[in-house]
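Quick notes on the structure that follows.
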Amino acid sequence: MLTKRIIPCLDIKNGRTVKGVNFVDLRDAGDPVELAEIYAKTGADELVFLDISATEEGRRTLADLVLRVAEKVNIPFTVGGGISSVEDVDILLQNGADKVSINSSAVKNPQLINDLVAKFGSQCIVVAIDAKEVDGEWIVHLVGGKVPTELNLFDWAKEVEERGAGEILFTSMNHDGTKNGFANEALAKLSTDLNIPIIASGGAGKISHFTDAFTEGKADAALAASVFHFKEIAIKELKEELHRNAIPVRL
Amino acid sequence: MKIVIIDYGAGNIQSIKFAIQRLGYEAVLSHNPKEIIEADKVIFPGVGEASSAMKKLRASKLDTLIPTLKQPVLGICLGMQLMCKSSQEGNTLGLGIFDVEVVRFPNTVKVPQIGWNQITNLKSNLFKEIKENEHIYLVHSYYAPVCKENIAQSNYALDYSAALQKNNFFGTQFHPEKSSLVGERILNNFLAHIN
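Order-wise, the sequence lines are chains A and B. Residues 1487 to 1737 (this note's numbering) are what the first sequence spells out, left to right. Residues 3 to 197 (this note's numbering) are what the second sequence spells out, left to right.
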């Protein structure tokens, strides 16, 4: 049976992990490769590296980082952040990324999704969508949720699927950082409306939130950062609890 | 041991090269027929779309070379699908090594299948010391139905071939190079226990 995936997300700036991590066993807490190896060994199903470098130099460092991750890590990983062209994607995939995620660049130029799918295949193109519920309507936002667009979440998600994306990473800006649980209603609607996998993001605070994202939210995967980095939730215990709740996971 | 990964411009081959390195072997990337023929083990990777990958194989004449190889050959993901008779993806003929037609998953499930699924009915030395129901990583929209060349099965909406074998030709729908310790063992079996 296909299992539900647990995905730690690492924020990267100039080739280093940004958010504080609380792993005493790390020699270098800022080294994404070392952190990725630990996650791979402790049961993560997949990893996401989100580059928040603002400079060209930072981006070049990202391509090197992808190569170093591919060398050491034996589970799949996705790279996102600032990707805006076929050339950007080509170098990241060539260096060993399994998937790339695009966000703002897809909103600004939706044809990019088609172009990437035609060249690299649906299976490696993830479209990340940040959305906020404003007066009962889910509106797509850009720049980490700061800038609203005219797009409705569900319309945009449908278009993304029709253009050939293989997967959607949905972050609820209302839930992100709150540790109060995922946006399960919106997730369930996405999962029902669309026929591609949905990754839930934003709001993980405790183990039961993941259970809810998979049951009520019908998500195919759940992503989180700080609860894993600060060891508030151990992936092994999380998956054992999901298993006890009859949610299929890889133990 | 000389290991060649066929480089025909389709896919993420660094990951396979690195996975082989982690097992203590070295692999070279090549599209040179002589180098491929002389290798002890050949890996035939592939991600992307089937008909465009077949065009690349034809352009480099690898489509006629690969079926004549005598050493163990392992097709991975799209590589395995291209070793089949045909694929519904872009309506293309394949290399015709495995006598099975690759078709799309029904829309009763999400397509592509992305993630970790289980393998059962394990039949070959490729799965030496691998237990039934172990998890492996897959990402695909098309599948090879269960057939006589089947050496491992998986289930997504229906039973399908997770791995195929005919004589010296092996194929896995899953990515051993991305399937954690289980995948590493399977890859190691191909390198160390298949002759």
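In this text, a Cβ means the ideal position worked out from N, Cα and C, and glycines have one as well. These figures come from a predicted structure and were not determined experimentally.
- In the displayed model, residue 1502/A falls within a strand according to three-state DSSP.
- Residue 64/B: member of the alpha helix (DSSP H) spanning 64-67, first to last residue.
- Closest in alpha carbon position to residue 39/B, among 146/B, 60/B and 72/B, is 72/B.
- Considered as a whole, the stretch 1588-1628 of chain A harbours 1590-1594 and 1597-1606 as its complete alpha helix (DSSP H) runs of no fewer than 4 residues, in chain order.
- In terms of CA proximity to residue 150/B, 164/B leads the group 139/B, 116/B, 164/B and 143/B.
- Listed in chain order, the positions of the stretch 134-168 of chain B with a beta carbon within less than 8 Å of a beta carbon of chain A are 137, 139, 141, 142, 143, 157 and 158.
- Not one beta carbon of chain B lies nearer than 8 Å to the beta carbon of residue 1597/A.
- Non-local C-beta neighbours of residue 86/B in its own chain, meaning closer than 7 Å and more than five positions away in sequence, comprise 96, 100, 102, 103, 104 and 146, ordered along the chain.
- By alpha-carbon distance to residue 81/B, the top candidate from 45/B, 61/B, 112/B and 170/B is 45/B.
- Selection 1534/A, 1722/A and 1521/A evaluated against residue 1687/A yields 1534/A as nearest (Cα-Cα).
- For residue 180/B, the three-state secondary structure derived from DSSP is helix.
- Taking 8 Å as the threshold, the shortest C-beta distance from residue 69/B to chain A does not fall below it.
- According to DSSP, residue 17/B shares a beta bridge with no other residue.
- In chain order, 112, 116 and 117 make up the part of chain B whose C-beta sits under 9 Å from the C-beta of residue 1706/A.
- A buried status is given to residue 1606/A, since no fewer than 16 other beta-carbon atoms sit within 10 Å of its beta-carbon.
- Chain A has a Cβ within less than 8 Å of the Cβ of residue 51/B.
- Cα atoms of residue 1553/A and residue 1567/A: separation of roughly 17 Å, rounded to the nearest angstrom.
- At a beta-carbon threshold of 7 Å, the residues of chain B lying near residue 1683/A are 112 and 116, ordered along the chain.
- Following the DSSP letters along the chain, one finds residue 162/B inside the beta strand (DSSP E) bounded by residues 160-168.
- Assigned with DSSP and collapsed to three states, residue 1687/A falls in strand.
- Selection 43/B, 48/B and 62/B evaluated against residue 33/B yields 62/B as nearest (Cα-Cα).
- Taken atom to atom, the span from the alpha-carbon of residue 1615/A to that of residue 1661/A is near 14 Å.
- Note that the C-beta distance between residue 148/B and residue 161/B is below 8 Å.
- Residues 135, 136, 137 and 156 of the same chain have their beta carbon placed closer than 7 Å to that of residue 120/B, with the five preceding and five following residues left out of the count.
- Taking a Cβ-Cβ threshold of 8 Å, the residues of chain B close to residue 1560/A are 21, 24, 179, 180, 181, 182, 183, 185 and 186, in chain order.
- DSSP places residue 1638/A outside any alpha helix (DSSP H); the residue lies instead in the beta strand (DSSP E), whose first and last residues are 1633-1638.
- The stretch 1487-1500 of chain A makes contact with the stretch 1521-1541 of chain A, as at least three CB pairs between them are under 8 Å.
- A straight-line Cα-Cα distance of about 42 Å links residue 1656/A and residue 68/B.
- By the criterion of at least three beta-carbon pairs nearer than 8 Å, the stretch 46-56 of chain B is not in contact with the stretch 22-30 of chain B.
- When rounded, the separation of the alpha-carbon atoms in residue 1526/A and residue 106/B is 31 Å.
- The three-state secondary structure of residue 137/B, taken from DSSP, is strand.
- Contact between the stretch 177-189 of chain B and the stretch 10-24 of chain B is present: 3 or more CB-CB pairs across the two stretches fall below 8 Å.
- Residue 7/B and residue 1693/A have their C-alpha atoms some 42 Å from each other.
- Apart from sequence neighbours up to five positions away, the residues of its chain that approach residue 1623/A with a beta-carbon distance below 8 Å are 1638, ordered along the chain.
- Residues of the stretch 1489-1505 of chain A with a Cβ closer than 9 Å to any Cβ of chain B, in chain order: 1489, 1490 and 1491.
- In this chain, the alpha helix (DSSP H) harbouring residue 1679/A covers 1670-1679.
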